[in-house]
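Q: Below you will find the structure I want to go over with you.
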DNA sequence: CGTAACTTTGAGACGTATCAATTCTTGTGG
DNA sequence: CCACAAGAATTGATACGTCTCAAAGTTACG
């Protein structure tokens, strides 16, 4: 059984065969399918289960009083949707799917137990949380001090890197079901402006984007345009596992 | 001994006398003073100690390649500066003081031990981390979908609330050593624009700001201008502890 | 094969940045 | 206690990035 959760955490630490088996059985215990545009967990809701995205694509978002949507993060397979639910009374945002997806459900009591162990699994869970914090901080830098072009380039490049480390692709092409409206809600622009920027990226030979597939034709230039540095992802073991992801300077792709 | 760390965590959970004593002794073990504008922990650095801010004011920030600074969060007494350091190899951002400050230092091995317990202290530490995530997400909403006026109002109002729950004030006036340049670096504006907005807030009778003191003269209007809702702070026990912080509708002043 | 969702295009308005100059504060040493 | 320096706040005029709103294409899908 493929286990994107374990694959993701192995960017940080090494698991024994026994630990891998345990992670597999945790995921197998209880699963659920979702359609596109469905909430995995609603804003203000509580649940006794944490959800781990297994397949599909989801996002964290909030709906503002005036009806506008802000996407705060995209979730790819292996990501934990609602780590907070085992400790907080209710969600302060929603997690919803963008495409049809499946999740594994882990009971909060099991999650609590896992976190209390002196094991690589517990450490990896902490690492995941700390990395989430890093990703959010990077997004704040994006929106505070980078212009629309850099912001969009950064988002596209980050998605490429995250798909590569999750093992979903080995090339520079990724499945990309995110609409321009979604991109606009994530970067704080209007869809029109996203559209015009994407056209420029295409004209400049940086990307191709059609048929729900994004191909980064010039990754080095896209990375430098985005001022991307992978430090905030804390991929301590990626180099050892997959040297191909790195270029000669030791930088990701 | 005053213990802002314990006070903050008591917004979430109740401690026994023994737990309070333990928290006191953890803070007393090793402390350090910092001058204004000094790094508590530098970008890329590693340390064997976590720092908890005891007095003063600090911020998380990053310096971009072009020299610009983005402030990602302000830290008030009781806040944990670098929770990630016990699990990650190095910081992906810096934490620096804005005013002269003191911190308590807790060895990472002690921190790890605390987190593994089945105790209210461990739960409160998790709560703090989850709340930090919430604050960052709220800042992303701010910068993505609110205009400069709302953004600045939101920041000012959040600082008032955080000072009130930390016990630093019982009125609507707080010590405010944050310069307009700092505010600009936190909200992603220019100092000039911050200045013009603050003038408007003053003209509109929302705030007074002079002599490093911020007085919110019309908290209700400032809150509604900011579209502020305290949900993301997860102050589960605040109402029980300090009903005065709430207005009649049950919303945080 | 029709319809809804998504993408593309255009022209004008507006919010915020820029950059430079001035005034006000604050802290410091004579 | 005053004078000065350095930092912080304020002001102004202009430029530009991005939004707005509306309409026309295009694509995906039941």
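Residue numbers (the numbering used here), protein chains in the order written: chain D, 1 to 253; chain W, 1 to 253.
Heads up, the beta-carbon is just placed ideally off N, CA and C, and yes, glycines get one too.
Please confirm whether residue 51 (chain W) has its beta-carbon closer than 8 Å to some beta-carbon of chain D.
A: Position 51 of the second chain, counted from the start, is the residue given in the question as residue 51 (chain W). Not one chain D Cβ lies under 8 Å of residue 51 (chain W).
Q: Nearest-angstrom Cα distance between residue 231 (chain W) and residue 46 (chain D)?
A: Reading the second chain from its first residue, position 231 is the one you call residue 231 (chain W). Reading the first chain from its first residue, position 46 is the one you call residue 46 (chain D). Rounded to the nearest angstrom, the two C-alpha atoms are 14 Å apart.
Q: What is the DSSP secondary structure of residue 178 (chain D), counted as helix, strand or coil?
A: Walking along the first chain from the start, residue 178 (chain D) turns up at place 178. The answer is coil: DSSP assigns residue 178 (chain D) none of H, G, I, E or B.
Q: Between residue 157 (chain D) and chain W, is any beta-carbon pair separated by less than 8 Å?
A: Start at 1 with the first residue of the first chain, and residue 157 (chain D) comes out as number 157. No, residue 157 (chain D) does not count as interfacial toward chain W.
Q: By the three-class DSSP mapping on this structure, what secondary structure does residue 55 (chain D) have?
A: Here residue 55 (chain D) corresponds to residue number 55 of the first chain, with the count starting at 1. Reduced to three states, the DSSP call for residue 55 (chain D) is strand.
Q: Would DSSP call residue 87 (chain D) helix, strand or coil?
A: Against the first chain, residue 87 (chain D) aligns to sequence position 87. Here residue 87 (chain D) sits in coil by DSSP.
Q: Note the first and the last residue of the continuous beta strand (DSSP E) segment covering residue 216 (chain D).
A: On the first chain, residue 216 (chain D) is found 216 positions in, with the first residue counted as 1. Residue 216 (chain D) -> beta strand (DSSP E) spans 213-216.
Q: Check distances from the C-beta atoms of the region 82-105 of chain W to those of chain D and list, in chain order, the residues that come in under 7 Å.
A: Cβ contacts with chain D come from 84, 87, 88, 89, 92 and 93.
Q: Going by DSSP, what residues sit across from residue 107 (chain W) in a beta bridge?
A: Translated into positions along the second chain, residue 107 (chain W) becomes position 107. In DSSP, residue 107 (chain W) forms a bridge with W:49.
Q: According to DSSP, is residue 42 (chain D) part of a helix, a strand, or is it coil?
A: Residue mapping note: residue 42 (chain D) aligns to position 42 of the first chain, counting from 1. If DSSP states are grouped into helix, strand and coil, residue 42 (chain D) belongs with coil.
Q: Return no unless some Cβ of chain D is closer than 8 Å to the Cβ of residue 118 (chain W).
A: Here residue 118 (chain W) corresponds to residue number 118 of the second chain, with the count starting at 1. Yes, residue 118 (chain W) counts as interfacial toward chain D.
Q: What are the start and end residues of the beta strand (DSSP E) that includes residue 96 (chain D)?
A: In the first chain, residue 96 (chain D) corresponds to position 96, counting from 1. First-last of the beta strand (DSSP E) with residue 96 (chain D): 94-97.
Q: Alpha carbon to alpha carbon, how far is residue 62 (chain D) from residue 213 (chain W)?
A: Residue numbering aside, residue 62 (chain D) sits at position 62 when the first chain is read from its first letter. Residue numbering aside, residue 213 (chain W) sits at position 213 when the second chain is read from its first letter. In a straight line, the C-alpha of residue 62 (chain D) is about 33 Å away from that of residue 213 (chain W).
Q: Starting from residue 35 (chain D), trace the beta strand (DSSP E) both ways and give me its first and last residue.
A: Numbered from 1 along the first chain, position 35 holds the residue referred to as residue 35 (chain D). No beta strand (DSSP E) contains residue 35 (chain D), which DSSP labels as neither H nor E.
Q: Among D:39, D:67, D:156 and D:58, whose alpha-carbon lies nearest the alpha-carbon of residue 217 (chain D)?
A: The sequence position of residue 217 (chain D) within the first chain is 217, counting from 1. Nearest option by C-alpha distance: D:156.
Q: What's the C-alpha gap between residue 225 (chain D) and residue 152 (chain D)?
A: Residue mapping note: residue 225 (chain D) aligns to position 225 of the first chain, counting from 1. Residue mapping note: residue 152 (chain D) aligns to position 152 of the first chain, counting from 1. Cα to Cα, residue 225 (chain D) sits roughly 10 Å from residue 152 (chain D).
Q: Taking the alpha-carbon positions, what's the residue 68 (chain D) to residue 139 (chain W) distance?
A: By 1-based counting over the first chain, the position of residue 68 (chain D) is 68. By 1-based counting over the second chain, the position of residue 139 (chain W) is 139. Looking at the two C-alpha atoms, the distance is approximately 16 Å.
Q: Opposite residue 29 (chain D) in the DSSP bridges: which residues?
A: Here residue 29 (chain D) refers to the residue found at position 29 when the first chain is read from its first residue. For residue 29 (chain D), which the question treats as bridged, DSSP gives no partner whatsoever.
Q: Going by DSSP, what residue range makes up the alpha helix (DSSP H) through residue 124 (chain D)?
A: Mapped onto the first chain, residue 124 (chain D) falls at position 124. Residue 124 (chain D) -> alpha helix (DSSP H) spans 120-145.
Q: Go ahead and pull the three-state DSSP assignment for residue 156 (chain W).
A: For the purposes of this step, residue 156 (chain W) is taken as residue 156 along the second chain, with counting starting at 1. Helix, per DSSP.
Q: Scan the region 121-140 of chain D for residues whose Cβ lies nearer than 9 Å to a Cβ of chain W and list them as they occur along the chain.
A: So the list reads 122, 123, 126, 127, 129, 130, 131, 132, 133, 134, 136, 137, 138, 139 and 140, given in the order they occur along the chain.
Q: Sorted by chain position, which residues of the same chain lie with C-beta nearer than 8 Å to residue 260 (chain W)'s C-beta, five sequence neighbours on each side aside?
A: Residue coverage of chain W in this structure runs from 1 to 253, which leaves residue 260 (chain W) outside it and unanswerable.
Q: Kindly say whether residue 145 (chain D), judged by its beta-carbon, lies nearer than 8 Å to any beta-carbon of chain W.
A: Counting from 1 along the first chain, the entry for residue 145 (chain D) is found at position 145. Yes, residue 145 (chain D) counts as interfacial toward chain W.
Q: May I ask you to list the residues that DSSP assigns as paired with residue 70 (chain D)?
A: Here residue 70 (chain D) corresponds to residue number 70 of the first chain, with the count starting at 1. According to DSSP, residue 70 (chain D) bridges with D:62.
Q: Is residue 259 (chain W) near residue 88 (chain W), with beta carbons less than 8 Å apart?
A: No information on residue 259 (chain W) is available, as it lies outside the stretch 1 to 253 that chain W covers here.
Q: Evaluate residue 145 (chain W) with the Cβ neighbour count: other Cβ atoms within 10 Å of its Cβ, from every protein chain shown; 16 or more gives buried, anything less gives exposed.
A: By one-based count along the second chain, residue 145 (chain W) stands at place 145. Classification for residue 145 (chain W): buried.
Q: Based on the DSSP output, what are the partners of residue 208 (chain W) in its beta bridges?
A: Locating residue 208 (chain W) in the second chain gives position 208, counting from the first residue. The partner list for residue 208 (chain W) (beta bridge, DSSP) reads W:215.
Q: Should residue 113 (chain W) be labelled buried (16 or more other beta-carbon atoms within 10 Å of its own) or exposed?
A: On the second chain, position 113 is the one that residue 113 (chain W) refers to. With fewer than 16 Cβ atoms within 10 Å of its Cβ, residue 113 (chain W) is classed as exposed.
Q: Would you check if there are 3 or more beta carbon pairs closer than 8 Å linking the region 170-177 of chain D to the region 92-106 of chain W?
A: No, because fewer than three Cβ pairs between the region 170-177 of chain D and the region 92-106 of chain W fall closer than 8 Å, the two stretches do not touch.
Q: Using alpha carbons as the reference points, say which of D:135, D:44 and D:205 lies closest to residue 74 (chain D).
A: As a position in the first chain, residue 74 (chain D) is number 74, starting the count at 1. Closest by alpha carbon: D:135.
Q: When DSSP labels each residue in this structure, what does residue 231 (chain D) get in the three-state scheme?
A: Numbered from 1 along the first chain, position 231 holds the residue referred to as residue 231 (chain D). Residue 231 (chain D) falls in the helix class under three-state DSSP.
Q: Can you grab the Cα-Cα spacing for the pair residue 256 (chain W) / residue 200 (chain D), in whole Å?
A: There is no way to answer for residue 256 (chain W), as the model of chain W reaches only from 1 to 253.
Q: Are residue 161 (chain W) and residue 180 (chain W) closer than 8 Å when you measure CB to CB?
A: Within the second chain, numbered from 1, the residue matching residue 161 (chain W) stands at position 161. Within the second chain, numbered from 1, the residue matching residue 180 (chain W) stands at position 180. Against a cut-off of 8 Å, the Cβ pair of residue 180 (chain W) and residue 161 (chain W) comes out as no contact.
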